[in-house]
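Q:
Residue numbers (the numbering used here): 25 to 133.
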């Protein structure tokens with residue numbers, strides 16, 4: 025059985041600021057206060073779920089009974105090389121030409 029430890033007190037301003045920092049969010053004081061309230065509501069909801077009595081309930085990994093519904097692997101017609109390259113912004117012969125992102129020998133820079 026998995027045990028969840030969730031604070032009954034909600035989320036503090038410091039915890040909210042840390043979560044925002046980890047998410048690379050820049051929040052002003054008003055946004056931080058709103059996020060704190062939202063996160064506290066979420067924690068409250070999770071606490072309600074954590075308090076449910078699940079004795080006698082079998083663990084469920086996949087509640088849906090549908091198994092993989094794969095289509096047959098059949099080769100279908102695709103675009104010709106010319107059709108695929110028709111709207112390419114830059115090309116060199118039969119190839120797409122893209123900006124270099126790694127500089128090294130032979131890249132002309």
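A virtual CB, placed ideally from N, CA and C, is assigned to each residue, including glycine.
What residue from 71, 34, 88, 77 has the CA that sits closest to residue 57's CA?
A: Selected option, being the one with the closest Cα: 34.
Q: Can you tell me which of 120, 98, 100 puts its alpha carbon nearest to the alpha carbon of residue 108?
A: Checked all of 120, 98, 100; the closest Cα to residue 108 is 120.
Q: Which word fits residue 59, buried or exposed, when buried means at least 16 other C-beta atoms lie within 10 angstroms of its C-beta?
A: With 16 or more Cβ atoms within 10 Å of its Cβ, residue 59 is classed as buried.
Q: Please list, in chain order, all residues of the same chain as residue 84 whose beta carbon is under 8 angstroms from its beta carbon, the five residues on each side excluded.
A: No residues qualify anywhere along the chain.
Q: Go to residue 84, then tell me how far its alpha helix (DSSP H) extends in each direction, as first and last residue.
A: Counting along the chain, residue 84 falls outside any alpha helix (DSSP H), and DSSP gives it neither H nor E.
Q: Nearest by alpha-carbon distance to residue 67: which of 91, 117, 39 is it?
A: Comparing Cα positions, the closest option is 39.
Q: Give the secondary structure of residue 120 by DSSP, where H, G and I count as helix, E and B as strand, and everything else as coil.
A: Strand.
Q: Any Cβ of chain C within less than 9 angstroms of the Cβ of residue 84?
A: Structure shown: chain C not included; a single protein chain is present.
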